[in-house]
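Whatever position you read off the sequence shown (first residue = 1), add 120 for this note's numbering.
C-beta atoms are modelled at their ideal positions from N, C-alpha and C, and glycine is treated no differently.
Notes follow once the structure below has been shown.
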Amino acid sequence: MTETTMTAPQVASRRLGGLRRSGGSAEKIAAAQRELAEAKITAAIERAVADAPPLTSEQRDRLHRIIDGAQPTVLHVSDELRDRMADWADDVAPVLAEADAVQAEFAAAKAATR
């Protein structure tokens, strides 16, 4: 008998398929989808790292930031523009970075100017 080894993405895919076929709960299906996504991303990263030459610390830092996800939007507003803050920014919840490096929530800073 021949033993077949499955990759992590294959195992996760089978688990997800089984949950879908058996009418698994939405929570279990969502968890299985996350597990499959993680397995695929992990496999892709492992292949890329294995094929690549050694990375510099700067390159590793950039990749780490990608994996950590998007950083918050930061608006740099000068004193002259403080009273003309755009309403669209309310939707993205940016942080204001003052010249002295103090950060403030945009909504609070906008309310203070009214």
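Taking the alpha helix (DSSP H) that residue i belongs to, which residues open and close that run?
i: Gly138; result: 128 to 141
Classify residue i: buried if its beta carbon has 16 or more other beta carbons within 10 angstroms, exposed otherwise.
i: Ala150; result: exposed
i: Ala157; result: exposed
i: Ala168; result: exposed
i: Ala172; result: exposed
i: Ala164; result: exposed
i: Ala132; result: buried
i: Trp208; result: Confidence in Trp208 is poor, its pLDDT being 49 and thus under 50, which makes the residue's placement too unreliable to answer from.
In three-state DSSP terms, what is residue i?
i: Arg180; result: helix
i: Ala168; result: helix
i: Thr125; result: coil
i: Leu175; result: coil
i: Trp208; result: In this prediction, Trp208 scores a pLDDT of 49, lower than 50, which makes its location untrustworthy; the coordinate-derived value is nonetheless stated afterwards. Coil.
Taking residue i as the reference, give the member of the options with the closest Cα.
i: Ala159; options: Thr125, Pro129, Glu123; result: Pro129
query = Would you call the segment 133 to 142 and the segment 150 to 169 touching, i.e. three or more CB-CB distances under 8 angstroms?
reply = Under the 8 angstroms Cβ criterion, the segment 133 to 142 counts as touching the segment 150 to 169, having at least three qualifying pairs.
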